[in-house]
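Data block below; observations after.
Numbering (this note's numbering), first residue to last: 4 to 144.
Below you can see the structure in the form of structure tokens.
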């Protein structure tokens, strides 16, 4: 699995850029705007580097059609090692705290929330830097 952080320049203030990222096969989990720069943190569920490069070209094409562009730091790529430690610890802690607070319904909700937070912990703790990819020059819409 890969974590990709996109930096896109856009004069627009709408959700079409996020829709283009989803359309290319990425799973966004954070979106932020800083002036004219949109930042999307996404996951890519494949371990194939060639498939990732193809998806990066697709997302650049879709974003270009929406009137957005990228620079030399268009996509920062991190390799995420699959680990179940965070999900396991998060699920157990969430279930325990949920059971203490809310009984049986709290157990299920706490376990679900703990699994989600554990997944984010796994992503952040088990990543290694792969590289930075620039905006594909051949993309013209």
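Ideal Cβ placement from N, Cα and C applies to all residues, glycine included.
- Only residues of its own chain outside the window of five on either side were considered, and among them 19, 20 and 23 have a CB closer than 7 Å to the CB of residue 69, listed in chain order.
- Counting of Cβ neighbours within 10 angstroms places residue 41 among the buried residues, the total reaching 16 or more.
- Within the same chain, Cβ atoms closer than 7 Å to the Cβ of residue 134 are found at 80, the five residues on either side in sequence being excluded.
- Taking each of 116, 90 and 114 in turn and checking the Cα distance to residue 128, the smallest one comes out for 90.
- In this structure, residue 87 sits away from residue 47, with a CB-CB distance that is not shorter than 8 Å.
- Rounded to the nearest whole angstrom, the C-alpha separation of residue 106 and residue 114 is 12 Å.
- In the structure shown, the three-state DSSP call for residue 137 is coil.
- Under DSSP, residue 84 forms no beta bridge with any residue.
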